[in-house]
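Trainee:
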Amino acid sequence: MIKTIIGSIKKNPYIWLWSILFFYIIYGTLIPFVFCLSLEDVLENIKNANYIPFYYEAKGKHISISDIVSNIALFMPYGFLLRLGLDPYYVTRYGLKCVGSAFLLSLFIELYQLFVYSRVSSTTDIINDTLGAWIGYILAINYIHFLRNKV
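Last residue of the sequence shown: number 282 in this note's numbering, and the count goes up by one each step with no gaps.
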């Protein structure tokens with residue numbers, strides 16, 4: 132299996148770029164790595180998490196537009212590069228895989244942030260990250276169509 136993955140990366144630069152982006156997203160969204168080691172701290176983070184989308188309950192106001200745009204922009208290349216890295220002959224076949232994997236990655240990040248002191252988990256981030264990957268996926272499909280029509 133490892134040989135297959137390495138072979139895919141060598142043959143397809145989009146998968147290579149997507150792999151770098153994947154690890155960058157994980158690293159960039161989880162720093163600083165100062166973990167909550169007590170159950171009380173984790174329970175406090177669970178209590179302070181934002182469960183209502185697009186609303187910051189602790190401050191009683193809506194999430195900032197810059198936060199929404201930055202999350203969407205972070206995951207647009209994820210959907211774009213992953214779609215281009217998959218088989219280019221099946222244009223719409225991989226939509227669920229691209230968007231679903233972005234959703235799972237975002238969910239992992241938000242759950243992980245429950246164990247980090249300076250982070251706040253938010254359902255808004257999951258929605259925006261998934262939306263960003265979907266937009267990137269749509270842009271990749273349009274890019275594939277553009278290349279096919281150009282040739």
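C-beta atoms are modelled at their ideal positions from N, C-alpha and C, and glycine is treated no differently.
Quick one: what does DSSP say V165 is sitting in, helix, strand or coil?
Mentor: One-based indexing of the sequence shown puts residue 165 at position 34. Looking at V165 - three-state DSSP - the assignment turns out to be coil, as it is neither helix nor strand.
Trainee: Tell me Y186's beta-bridge partners as DSSP assigns them.
Mentor: Position 55 of the sequence shown, counting from 1, holds the residue named residue 186. Partner(s): H193.
Trainee: Would L212 and Y145 qualify as a contact pair, given that the criterion is a beta-carbon distance under 9 Å?
Mentor: Taking the sequence shown and counting its residues from 1, the one referred to as residue 212 is at position 81. Taking the sequence shown and counting its residues from 1, the one referred to as residue 145 is at position 14. The answer is yes: Cβ separation under 9 Å.
Trainee: How close, in whole Å, do the beta carbons of N202 and V251 come, if the pair is a contact with beta carbons under 8 Å?
Mentor: Within the sequence shown, numbered from 1, the residue matching residue 202 stands at position 71. Within the sequence shown, numbered from 1, the residue matching residue 251 stands at position 120. The pair is not a contact, with the Cβ atoms about 13 Å apart (cut-off 8 Å).
Trainee: Considering only residues of the same chain and omitting the five flanking positions on each side of L262, which have a CB-CB separation below 7 Å?
Mentor: For the purposes of this step, residue 262 is taken as residue 131 along the sequence shown, with counting starting at 1. If we look at L262 and ignore the five residues flanking it on each side, its Cβ neighbours are I203.
Trainee: Could you please give the first and the last residue of the uninterrupted alpha helix (DSSP H) stretch that includes I279?
Mentor: Residue mapping note: residue 279 aligns to position 148 of the sequence shown, counting from 1. Looking at the sequence shown, residue 279 is not Ile but Arg. From DSSP, the alpha helix (DSSP H) with R279 extends over T254 to K281.
Trainee: What's the C-alpha gap between I199 and S237?
Mentor: Looking up residue 199 in the sequence shown gives position 68. Looking up residue 237 in the sequence shown gives position 106. Using only the alpha carbons, I get a separation of about 14 Å.
Trainee: If I measure Cβ to Cβ from S249 and keep anything under 7 Å in the same chain, skipping five residues before and after, which residues do I get?
Mentor: Here the question's residue 249 lines up with position 118 in the sequence shown. Only P163 and V165 meet the Cβ criterion.
Trainee: Would you grab the beta carbon distance between A264 and Y209 for me? Rounded to a whole angstrom, and I think it's under 8 Å.
Mentor: For this step, residue 264 is matched to residue 133 along the sequence shown. For this step, residue 209 is matched to residue 78 along the sequence shown. About 5 Å separates the two Cβ atoms, so the contact holds.
Trainee: Among residues of its own chain, excluding the 5 on either side of I151, which ones have a beta-carbon nearer than 6 Å to its beta-carbon?
Mentor: Position 20 of the sequence shown, counted from the start, is the residue given in the question as residue 151. Taken in chain order, the list of residues that qualify is empty.
Trainee: In angstroms, rounded to a whole number, what distance separates the CA positions of S169 and Y243?
Mentor: Counting from one through the sequence shown, the residue named residue 169 turns up at place 38. Counting from one through the sequence shown, the residue named residue 243 turns up at place 112. The alpha-carbon atoms of S169 and Y243 are separated by roughly 15 Å.
Trainee: Buried or exposed: D115, going by 16 or more other Cβ atoms within 10 Å of its Cβ?
Mentor: An answer regarding residue 115 cannot be provided, because it is not within the stretch 132 to 282 covered by the chain.
Trainee: Rounded to the nearest angstrom, what separates N143 and V173 at their Cα positions?
Mentor: Numbered from 1 along the sequence shown, position 12 holds the residue referred to as residue 143. Numbered from 1 along the sequence shown, position 42 holds the residue referred to as residue 173. Taking the straight line joining both Cα atoms gives about 41 Å.
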